[in-house]
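For the record, the sequence lines run as chains A and B. Read left to right, the first sequence gives residues 580 to 827 (our numbering). Read left to right, the second sequence gives residues 3 to 380 (our numbering). Ideal placement from N, C-alpha and C gives every residue a C-beta, glycine not left out. The structure under discussion appears below in the form of structure tokens.
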Amino acid sequence: MKNGEIKIESDEKLISEEHSEDAGLNPHAQVCLQHLLRVWLGFERDLAKVPLLRRIDLGTYTAEDHQLFLLNIRQQVIEGSRWITRTASSFDRNHAEIRSTVISHAVDEHRDYEMLEKDFVASGGQLDDILNMERNIGSEALHGFLMHKSSQPNPIDLLGAMWIIEGLGEKMATSWAERIQELTGLGEDSTRFMTYHGHNDSEHMERFYQTLDSVCTSENAIQRIVKTAKVVARLYRLQLEELEHGGE
Amino acid sequence: MSVYITSTGRFLPGPPITVDEVESILGAVHDKPSSLRVQIQKANKIQTRHYAIDEHQQTTHSNTDMAAKAAEECLDRAYIGREKVGMLAVASTQGDLPAPGMASMVQAELELPEVEILTTHGICSSSIMALKAAWNSMRLDEHDAALVVSSELASRLLKKQRYEAATTSTFATKRIDFSTEFLRWMLSDGAGALLLQNKPAPKGLSLRIDWIRAFSHAHALPTCMSVGSAGRTEDKRTWQDYNTYAEAEKDGALLLRQDVRLLENLMRMGVDGYLRLVEEGVSNPNNVDHFLCHYSSHHFRNKILNLLDKAGVGIPEEKWWTNLYSRGNTGSASLFIMLDEFLRTDEVTVKEGESVLCFVPESGRFNTTYLHLTVVSQ
Numbered sequence: 580m581k582n583g584e585i586k587i588e589s590d591e592k593l594i595s596e597e598h599s600e601d602a603g604l605n606p607h608a609q610v611c612l613q614h615l616l617r618v619w620l621g622f623e624r625d626l627a628k629v630p631l632l633r634r635i636d637l638g639t640y641t642a643e644d645h646q647l648f649l650l651n652i653r654q655q656v657i658e659g660s661r662w663i664t665r666t667a668s669s670f671d672r673n674h675a676e677i678r679s680t681v682i683s684h685a686v687d688e689h690r691d692y693e694m695l696e697k698d699f700v701a702s703g704g705q706l707d708d709i710l711n712m713e714r715n716i717g718s719e720a721l722h723g724f725l726m727h728k729s730s731q732p733n734p735i736d737l738l739g740a741m742w743i744i745e746g747l748g749e750k751m752a753t754s755w756a757e758r759i760q761e762l763t764g765l766g767e768d769s770t771r772f773m774t775y776h777g778h779n780d781s782e783h784m785e786r787f788y789q790t791l792d793s794v795c796t797s798e799n800a801i802q803r804i805v806k807t808a809k810v811v812a813r814l815y816r817l818q819l820e821e822l823e824h825g826g827e
Numbered sequence: 003m004s005v006y007i008t009s010t011g012r013f014l015p016g017p018p019i020t021v022d023e024v025e026s027i028l029g030a031v032h033d034k035p036s037s038l039r040v041q042i043q044k045a046n047k048i049q050t051r052h053y054a055i056d057e058h059q060q061t062t063h064s065n066t067d068m069a070a071k072a073a074e075e076c077l078d079r080a081y082i083g084r085e086k087v088g089m090l091a092v093a094s095t096q097g098d099l100p101a102p103g104m105a106s107m108v109q110a111e112l113e114l115p116e117v118e119i120l121t122t123h124g125i126c127s128s129s130i131m132a133l134k135a136a137w138n139s140m141r142l143d144e145h146d147a148a149l150v151v152s153s154e155l156a157s158r159l160l161k162k163q164r165y166e167a168a169t170t171s172t173f174a175t176k177r178i179d180f181s182t183e184f185l186r187w188m189l190s191d192g193a194g195a196l197l198l199q200n201k202p203a204p205k206g207l208s209l210r211i212d213w214i215r216a217f218s219h220a221h222a223l224p225t226c227m228s229v230g231s232a233g234r235t236e237d238k239r240t241w242q243d244y245n246t247y248a249e250a251e252k253d254g255a256l257l258l259r260q261d262v263r264l265l266e267n268l269m270r271m272g273v274d275g276y277l278r279l280v281e282e283g284v285s286n287p288n289n290v291d292h293f294l295c296h297y298s299s300h301h302f303r304n305k306i307l308n309l310l311d312k313a314g315v316g317i318p319e320e321k322w323w324t325n326l327y328s329r330g331n332t333g334s335a336s337l338f339i340m341l342d343e344f345l346r347t348d349e350v351t352v353k354e355g356e357s358v359l360c361f362v363p364e365s366g367r368f369n370t371t372y373l374h375l376t377v378v379s380q
């Protein structure tokens, strides 16, 4: 799935090509992946109904739309690094491997919002506007849910959250960034946050499989991971639906 | 009650047309060879196809003719007389006449007396709609036999005169209008027919219909393939809203369009429906012996197939079979033409007890349809 890539972490030293070949998943992880794929495909399809994103499909997306998008997404990116680090600290010593993965992921992304701010300015926005932007209603709900989940002991369900959020990062890189430049006439410097997420995707995917294989070993784990993916997909869409409501 | 496909037939008009001959049949618009043809043909990999128009773009067979010829072949191969046929279901993207329904015309051509008729309208998946309705009528025990026919005559929409007449269209005003040309080098003509009966044929192999399922995503996704609008987002008029049909044609509202950017959604929704059937326990990937897909595997040859393999539900490439490359993409008729050849070709061994999963996605507004068959003999 071109747009369903998952970026779990980008420490290439941990990934070797040999390791990534034919690493089969355990049967629970396979079923979990089937469900996650459906959650992703449904999420992706329903994004097409979000008015601002529909304009990308219909070819009527403007530079103002792009500013609005960046303006609203920044808070979630900032909060993203917070729930990811919280997640790392909630894993006990029996989950040291996944904790390492999550920590390096957090290191990778915890200042991504700065890139996003630059994109906003390059799109014609005023820096003060984005710095002073509050979380929109959907961002509040999404952030609240993720902070709650990441505070639980050994929150393996957040693998479902990563599936959705990182999948969307990949979609931005492969489907949206270039199209947005084409439609708005904005330069590459307006979509760097989007394109950045397209790098090293096969390694990230392999890392995701490995983590899924190690933590998803029961029906209960499947249920938790898939449910979290569904909630995050719904709240993420809410955040995008609220883009045009100005946080009110 | 079990229902079986006991006979099949097909009709492909004229000789096979090679890649290089295509433009001499459809015609070069304003005598200028298309700059996109080679690129698009390379991508769809279709080697030969058939057209029901000649090199002067004159129609050689009507859509009704082709449907009737495929039906005749199907009935000639059947072990029952045609008087047993109680229902005729006909599918096409566009019949010869906007009204009445195409089934009426095909019935007349076949001289089938007093049958129940059904015309389904759509694009590629309309044949599955017709098949499902006929299958359901058979399951209700209303008929002993039903004939399902699908026929497409796309070339009439694709001939050069259509494009030359569209003088104020996006095709005329844009330097390159990929969405208007894409299907020109993709679609071609042909017809296929299936006979359904409540028992297998006395000789040879029949195909039991196990289930037919379909999922449409028009509620969420924009239109991807269409005829009838000028292809401008801001212009809501359809061809019937212009003062004259001539104005509609001039504006390009009668050109066939495909929004190629949206096409990837079709593969995604196809996989979603497949996973849904696996999740519901309807389809078991381990039990699929043959996979007949209206789209060839190279369209899917991206990460999504790897993901399916990883999730333990991939269908190995050696189980895929298609005749798309040699018979062309004939829209709704494709699967019937495929099933007809599947049962006869030496390329694949078909044995009793094997299961056949068929997948027909329609890009129009994203309808994905699935059909499961089991090979049986009496």
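Review point. Can you name the start and end residues of the beta strand (DSSP E) that tryptophan 213 of chain B belongs to?
Key: DSSP places tryptophan 213 of chain B in the uninterrupted beta strand (DSSP E) bounded by 208–218.
**Study point:** Closest Cα partner of alanine 201 of chain B within the set B/Ala147, B/Val21, B/Phe173, B/Glu281
**Key:** Reading off the sequence, residue 201 of chain B comes out as lysine, not alanine. Minimum Cα distance to lysine 201 of chain B is reached at B/Ala147.
**Study point:** First and last residue of the uninterrupted alpha helix (DSSP H) at phenylalanine 699 of chain A
**Key:** Taken as a continuous stretch (DSSP letters only), the alpha helix (DSSP H) holding phenylalanine 699 of chain A covers 691–701.
Practice item. Confirm, please, whether the CB-CB distance from alanine 105 of chain B to isoleucine 125 of chain B is below 8 Å. Key: Going by C-beta atoms, isoleucine 125 of chain B is not nearer than 8 Å to alanine 105 of chain B.
**Study point:** Every unbroken alpha helix (DSSP H) inside the region 744–777 of chain A [4 residues or more]
**Key:** Taking only runs of at least 4 residues, the alpha helix (DSSP H) segments lying wholly in the region 744–777 of chain A are 756–763, 771–775.
Exercise for review: Would you mind stating whether threonine 240 of chain B and glycine 230 of chain B have Cβ atoms separated by less than 8 Å?
Suggested key: Inclusion of threonine 240 of chain B and glycine 230 of chain B in the CB contact set at 8 Å is warranted, their separation being smaller than that value.
Exercise for review: Mind checking who tyrosine 6 of chain B pairs with in its DSSP beta bridge?
Suggested key: According to DSSP, tyrosine 6 of chain B bridges with B/Gln199, B/Arg210.
Practice item. List the endpoints of the continuous beta strand (DSSP E) containing threonine 122 of chain B. Key: Boundaries of the beta strand (DSSP E) around threonine 122 of chain B: 118–123.
Check your understanding: Got a sec: is the Cβ-Cβ distance from arginine 786 of chain A to anything in chain B below 8 Å?
Key -> Taking Cβ atoms only, chain B never reaches closer than 8 Å to arginine 786 of chain A, which makes this a no.
Check your understanding: chain B beta carbons: is any one of them nearer than 8 Å to that of threonine 639 of chain A?
Key -> The beta carbon of threonine 639 of chain A falls within 8 Å of a beta carbon belonging to chain B, placing the residue at that interface.
**Study point:** Inside the region 272–340 of chain B only - beta strand (DSSP E) runs reaching at least 3 residues
**Key:** Annotation: the region 272–340 of chain B contains the following complete segments of the beta strand (DSSP E) (minimum length 3 residues), in chain order: 292–295.
Review point. So, using beta-carbon positions, are leucine 765 of chain A and alanine 642 of chain A closer together than 8 Å?
Key: Contact flag set, yes.
Check your understanding: In chain A, what lies closer than 8 Å to methionine 271 of chain B by C-beta?
Key -> Within chain A, the residues near methionine 271 of chain B are Leu620, Arg624.
Check your understanding: If the cut is a Cβ gap below 7 Å, which residues of chain B does arginine 816 of chain A touch?
Key -> Residues of chain B passing the Cβ test: none, with the nearest at roughly 11 Å.
Exercise for review: Under 8 Å by Cβ, that's how I've got phenylalanine 334 of chain B and serine 139 of chain B pegged, so tell me the actual separation to the nearest angstrom.
Suggested key: The sequence given here places serine at residue 334 of chain B; phenylalanine does not occur at that position. Approximately 19 Å separates the beta-carbon atoms of serine 334 of chain B and serine 139 of chain B; this is outside 8 Å, ruling out the contact.
Exercise for review: Sort B/Ala135, B/Ala195, B/Val280 by Cα distance to leucine 337 of chain B and report the nearest one.
Suggested key: The residue from B/Ala135, B/Ala195, B/Val280 with its alpha-carbon nearest to that of leucine 337 of chain B is B/Ala195.
Point to revise | Secondary structure of glutamate 57 of chain B, DSSP reduced to three states | key: DSSP places glutamate 57 of chain B in coil when its eight states are reduced to three.
Practice item. For the region 215–228 of chain B, enumerate the residues whose C-beta is nearer than 7 Å to any C-beta of chain A, in chain order. Key: From the region 215–228 of chain B, only His219, Ala222, Leu223, Pro224 have a Cβ closer than 7 Å to chain A.
Review point. If we count the other Cβ atoms within 10 Å of its Cβ and call it buried at 16 or more, is lysine 238 of chain B buried or exposed?
Key: Its Cβ having fewer than 16 others within 10 Å, lysine 238 of chain B is exposed.
Review point. If you draw a straight line from the alpha carbon of aspartate 261 of chain B to that of serine 797 of chain A, how long is it in whole angstroms?
Key: Looking at the two C-alpha atoms, the distance is approximately 43 Å.
Check your understanding: According to the neighbour-count rule (16 or more other Cβ atoms, all chains shown, within 10 Å of its Cβ), is glutamine 789 of chain A buried or exposed?
Key -> When all chains shown are included, glutamine 789 of chain A counts as buried.
Exercise for review: Answer with buried or exposed for lysine 134 of chain B, where buried requires no fewer than 16 other C-beta atoms within 10 angstroms of its C-beta.
Suggested key: When all chains shown are included, lysine 134 of chain B counts as buried.
**Study point:** Identity of the residues DSSP links to proline 363 of chain B by a beta bridge
**Key:** Under DSSP, proline 363 of chain B shares a beta bridge with B/Thr370.
Check your understanding: Can you find a CB in chain A that lies within less than 8 Å of the CB of leucine 2 of chain B?
Key -> Limits of chain B in this structure are 3 at one end and 380 at the other, which puts residue 2 of chain B out of reach.
Point to revise | Which listed residue (A/Ala685, A/Ile804, A/Tyr692, A/Gln646) has its alpha carbon closest to that of tryptophan 662 of chain A | key: Looking at the Cα atoms, A/Ala685 is the closest of the given residues.
Review point. From isoleucine 585 of chain A to glycine 330 of chain B, what distance separates their C-alpha atoms?
Key: Reliability fails at isoleucine 585 of chain A, whose pLDDT of 31 lies under 50, so the model's placement of it is uncertain and the value that follows must be treated cautiously. About 37 Å.
Check your understanding: Taking Cβ positions only, does aspartate 237 of chain B come closer than 8 Å to chain A?
Key -> For aspartate 237 of chain B, the answer is no, since every Cβ of chain A falls outside 8 Å of its Cβ.
**Study point:** Secondary structure of methionine 404 of chain B, DSSP reduced to three states
**Key:** Since the first residue shown for chain B is 3 and the last is 380, residue 404 of chain B is missing from the structure and cannot be characterised.
Exercise for review: Return the residues of the region 633–657 of chain A that lie within a Cβ-Cβ distance of less than 8 Å from chain B, sorted by chain order.
Suggested key: Flagged, chain order: Arg633, Asp636, Leu637, Gly638, Thr639.
Check your understanding: In three-state DSSP terms, what is glutamine 49 of chain B?
Key -> When DSSP states are grouped into helix, strand and coil, glutamine 49 of chain B belongs to the coil group.
Check your understanding: DSSP puts threonine 20 of chain B in a beta bridge; with which residues?
Key -> BP columns for threonine 20 of chain B point to B/Thr50.
**Study point:** Buried or exposed by the 16-neighbour rule on C-beta atoms within 10 Å, applied to tyrosine 165 of chain B
**Key:** With a 10 Å radius around the Cβ and a threshold of 16 neighbouring Cβ atoms, tyrosine 165 of chain B comes out buried.
Exercise for review: Determine whether the Cβ of glycine 194 of chain B lies closer than 8 Å to any Cβ atom of chain A.
Suggested key: Among the residues facing chain A, glycine 194 of chain B is not included, as its CB has no counterpart in that chain under 8 Å away.
Check your understanding: Would you say lysine 176 of chain B reaches chain A, if we count a Cβ-Cβ gap shorter than 8 Å as a contact?
Key -> Not closer than 8 Å to any Cβ of chain A, the Cβ of lysine 176 of chain B fails to qualify, so no.
Practice item. Tell me whether the beta-carbon of cysteine 360 of chain B lies closer than 8 Å to the beta-carbon of leucine 345 of chain B. Key: No.
**Study point:** Nearest neighbour of arginine 270 of chain B, chosen from B/Ala156, B/Thr235, B/Ile306, B/Phe293 [CA to CA]
**Key:** Taking each of B/Ala156, B/Thr235, B/Ile306, B/Phe293 in turn and checking the Cα distance to arginine 270 of chain B, the smallest one comes out for B/Ile306.
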